[in-house]
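First comes the structure, then the notes that go with it.
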Amino acid sequence: MGKDQTVLFHSTVFGPIHSRRLGTSLGINLLPDDGKVCTFDCVYCEAGYNAQGTGTTGLPTTERVRHDLDEKLRGMKERGETLDVITFSGNGEPTLHPQFEEVVDIVNTLRDRYFPSAKTSVLTNSTRIFDPKVAAALRLVDNNILKLDSAIEPTMRLIDNPVQKEFTVDRLVEALRQFEGQGIIQTMFLRGEHNGRRIDNTTDAEIEALIDAYRRIRPKEVMIYSLDRSTPEERLEKVERPELEAIAARIRAAGIAVQV
Numbered sequence: 123m124g125k126d127q128t129v130l131f132h133s134t135v136f137g138p139i140h141s142r143r144l145g146t147s148l149g150i151n152l153l154p155d156d157g158k159v160c161t162f163d164c165v166y167c168e169a170g171y172n173a174q175g176t177g178t179t180g181l182p183t184t185e186r187v188r189h190d191l192d193e194k195l196r197g198m199k200e201r202g203e204t205l206d207v208i209t210f211s212g213n214g215e216p217t218l219h220p221q222f223e224e225v226v227d228i229v230n231t232l233r234d235r236y237f238p239s240a241k242t243s244v245l246t247n248s249t250r251i252f253d254p255k256v257a258a259a260l261r262l263v264d265n266n267i268l269k270l271d272s273a274i275e276p277t278m279r280l281i282d283n284p285v286q287k288e289f290t291v292d293r294l295v296e297a298l299r300q301f302e303g304q305g306i307i308q309t310m311f312l313r314g315e316h317n318g319r320r321i322d323n324t325t326d327a328e329i330e331a332l333i334d335a336y337r338r339i340r341p342k343e344v345m346i347y348s349l350d351r352s353t354p355e356e357r358l359e360k361v362e363r364p365e366l367e368a369i370a371a372r373i374r375a376a377g378i379a380v381q382v
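Numbered per the working numbering, the sequence shown spans residues 123 to 382.
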């Protein structure tokens, strides 16, 4: 059973908010500000299910991103505020923006002007890394954070519900190898039920499959986490920190850097 949860970000630039992993973060939403556009339909997405629709405002132009971010950063600088990171996230998959590569360049340029010590980050579900232009743009950010929630096909489909049926774990893991040493893999651990089917990517089989995938991908590091906000699927359970730490220990034992 799901609940009527809708988008959270109603502007192109939002925040800053505090991220436990990334610090003081300013968000960039390259999707509509009154709807959701995504190539996944995750059971845990804080922005809700895709069924809410894509809205009416469309994608922001590059000029709007430039104007809104310049105005925000200038104001923060004048007020003496600090900034650790600028993060592409928002109401869906940011790399779907047709000028994503150009927007990354705009954001990097403005960051250098106002807060040169801040990092740029992209939270992507990894579905668009098969596009060479998207892959090239992801190499231009400091934190290229790529989703891999399960290395077992049925579990991935149950949790992430990819819109593109040709998207598979095997294709994904192979494509993620292009970011060896630069990409950061992010995995959401959770348990629960969806459409009458049990979800659990914390089993020994799931963790071993993920570790094998991490070994093949050779990321800069792995980030693991669990539920922190309201989710559209109500029958989900958060994996508590002690269990996440135990999973992290298994990943580290395989020689892979991991952050909890």
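All residues carry an ideal CB built from backbone N, CA and C; glycine is no exception.
- Cut-off 6 Å between Cβ atoms - residues of its own chain near M123, not counting five sequence neighbours on either side: Below a pLDDT of 50, predicted positions are generally treated as unreliable, and M123, at 44, falls in that range; no measurement from the model is reported.
- Message: The beta strand (DSSP E) that contains V135, what's its start and end?
- Response: V135 to S141 is the span of the beta strand (DSSP E), which, as asked, contains V135.
- Query: Among residues of its own chain, excluding the 5 on either side of A379, which ones have a beta-carbon nearer than 6 Å to its beta-carbon?
  - Reply: Counting only Cβ-Cβ distances below 6 Å, and skipping sequence neighbours, we find E343.
- Query: Which of the three DSSP states, helix, strand or coil, is assigned to H316?
  - Reply: Assignment of H316 by DSSP, reduced to helix, strand and coil, places it in the strand class.
- Rounded to whole angstroms, how far is the Cβ of L148 from the Cβ of G137, which I believe are closer than 8 Å? So it is a contact: roughly 5 Å between Cβ atoms.
- Query: In chain order, what residues of the same chain lie with their CB nearer than 8 Å to the CB of N283, ignoring the 5 residues before and after it?
  - Reply: Annotation for N283: F162, D163, C164 and V165 place their beta carbon closer than 8 Å to its own, counting only its chain and skipping 5 residues before and after.
- Query: Roughly how many whole angstroms lie between the Cα atoms of G377 and I339?
  - Reply: One Cα belongs to G377, the other to I339, and the distance between them is close to 13 Å.
- Message: Helix, strand or coil, according to DSSP, for M123 in the structure here?
- Response: Residue confidence for M123 is low, a pLDDT of 44 falling below 50, so the modelled location carries little weight and cannot support an answer.
- Residues near P182 in its chain [Cβ-Cβ closer than 7 Å; skip 5 each side]: Within the same chain, P182 has close Cβ partners T134 and L152.
- Task: Return helix, strand or coil for L358, following the three-state DSSP convention.
- Result: It is a strand residue.
- Measure the alpha-carbon distance for I346 versus A331 and round it to whole angstroms. Near 15 Å, if we compare the C-alpha coordinates of A331 and I346.
- Task: Go ahead and pull the three-state DSSP assignment for L205.
- Result: Coil, per DSSP.
- Around the Cβ of K287, are there at least 16 other Cβ atoms within 10 angstroms (buried) or fewer (exposed)? Exposed, because fewer than 16 other Cβ atoms sit within 10 Å of the Cβ of K287.
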